[in-house]
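Everything on this sheet refers to the single structure shown next.
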Amino acid sequence: MTSTAAPFQPLRGRLKANVPLAPRSWFRTGGQADWLFVPQDEEDLATALQQSPPDMPLTVLGACSNIIIRDGGLAGLTLRLAGGFAQIEADGDGLIAGAAALDSSVAETAARAGMAGFAFLSTIPGSIGGAVRMNAGAYEGDMASLLDWVEILTREGTYQRLPAADLHMGYRHTTLPDGAIVLRARLKAQGAEDPALIQEAMHVMRAKREASQPLRARTGGSTFRNPEGHKAWELIDATGCRGLRHGGAQISEKHCNFMLNTGHATSTELEDLGEMVRARVLAQSGIELQWEIKRLGRLSHPA
1 MTSTAAPFQP LRGRLKANVP LAPRSWFRTG GQADWLFVPQ DEEDLATALQ QSPPDMPLTV
61 LGACSNIIIR DGGLAGLTLR LAGGFAQIEA DGDGLIAGAA ALDSSVAETA ARAGMAGFAF
121 LSTIPGSIGG AVRMNAGAYE GDMASLLDWV EILTREGTYQ RLPAADLHMG YRHTTLPDGA
181 IVLRARLKAQ GAEDPALIQE AMHVMRAKRE ASQPLRARTG GSTFRNPEGH KAWELIDATG
241 CRGLRHGGAQ ISEKHCNFML NTGHATSTEL EDLGEMVRAR VLAQSGIELQ WEIKRLGRLS
301 HPA
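Per full-length UniProt numbering, the very first residue in the sequence shown carries number 1; after that it's consecutive.
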């Protein structure tokens with residue numbers, strides 16, 4: 001447990017100590033946040049950043065769809081953006097989307113406006129801030145194909161607008177300044193298209209995803225990145241890890257690049273299962289799988 005003496009002057013948003021995070025995670029596992037702050041607006045967020053000690057750990061949580069929050073919880077200050085941070089607005093030939101806007105909501109907004117290129121976002125269960133940070137992609141689309149610019153707050157609480165060309169976006173990676181918090185992004189359409197055709201394309205994508213992935217389970221999406229020239233699930237399947245269990249954690253029978261919480265898993269069991277798979281793939285193929293799921297926080301509970 002952390003001290004209940006807040007390390008900040010009064011803020012307008014919601015600041016709470018020792019907040020359980022498992023209910024927010026798609027895996028439904030993990031420990032507490034020492035401090036969880038939901039800022040009222042950007043000014044409130046900047047104030048919190050300016051007041052926070054430079055050595056205080058800082059974590060930003062989005063939809064929590066592709067992370068493991070470790071059992072020891074998150075040290076320091078954890079931020080969750082909501083409310084006005086989820087706004088989506090038309091901007092000429094594109095959209096400006098807040099960091100907390102759901103990827104699927106952005107896809108639907110673009111479809112109604114007849115903006116092409118956004119359909120893949122309908123299959124990604126996250127928010128725009130995380131999508132920018134990891135250059136999220138699916139069905140031959142990714143954020144690099146859409147991003148015009150991104151606005152951030154630095155760790156010191158100052159604003160910057162960065163053009164996409166400065167971010168060196170690659171496979172599941174975007175280069176952002178250390179500690180940067182994404183506020184919003186401008187996404188440029190790849191031309192115009194009949195809204196009905198876009199909706200149909202999204203329907204097909206979602207149906208394919210539903211048929212091939214364990215979407216109704218407690219999961220965290222793709223566990224490992226695809227190594228160049230390979231598919232992670234094929235490498236995992238070749239080792240016989242499909243359905244492998246460790247405590248309450250399991251490799252999905254439906255798609256073996258997905259891990260599941262079968263009901264009572266801990267974050268440690270999930271992470272250990274992932275490492276078991278990595279070791280088996282390395283031993284058999286010589287290929288070292290890299291985690292796509294972000295693993296955050298302390299391995300064990302603080303004293």
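Using N, Cα and C, we set each Cβ at its ideal position, and we do this for glycine too.
Restricted to the region 214-269, the beta strand (DSSP E) segments that are unbroken, complete and at least 3 residues in length are 218-222, 249-251 and 258-261, listed in chain order. In this model, residue 142 and residue 21 are separated by some 29 Å (Cα to Cα). Taken atom to atom, the span from the alpha-carbon of residue 76 to that of residue 153 is near 18 Å. In the DSSP secondary-structure assignment, residue 115 is bridged to 192.
In the structure shown, residue 166 adopts helical secondary structure according to DSSP, grouped into three states. Annotation for residue 79: 37 and 60 place their beta carbon closer than 6 Å to its own, counting only its chain and skipping 5 residues before and after. Here residue 265 is buried, its C-beta having at least 16 other C-beta atoms within 10 Å.
Counting the other CB atoms within 10 Å of its CB gives residue 300 a total below 16, which places it among the exposed residues. Excluding five sequence positions before and after residue 124, the CB atoms of its chain that fall closer than 7 Å to its own CB belong to 103, 131, 136 and 138, given in chain order. Looking from the CA of residue 189, the closest CA among 147, 230 and 169 belongs to 147.
Secondary structure within the region 46-123: the beta strand (DSSP E) runs of 3 or more consecutive residues, fully enclosed, are 58-61, 67-69, 74-80, 88-91 and 94-98 (chain order). DSSP, reduced to helix, strand and coil, places residue 279 within a helical segment of the structure shown. In the displayed model, residue 273 falls within a helix according to three-state DSSP. Three or more beta-carbon pairs separated by less than 8 Å link the region 176-186 to the region 95-109, which places the two stretches in contact. Judged by their CB atoms, residue 170 and residue 223 are not nearer to each other than the 8 Å cut-off. According to the DSSP assignment, residue 152 belongs to the beta strand (DSSP E) that extends over 147-153. Rounded to the nearest whole angstrom, the C-alpha separation of residue 27 and residue 256 is 16 Å. Going by beta carbons, residue 167 and residue 176 fall inside the 8 Å limit.
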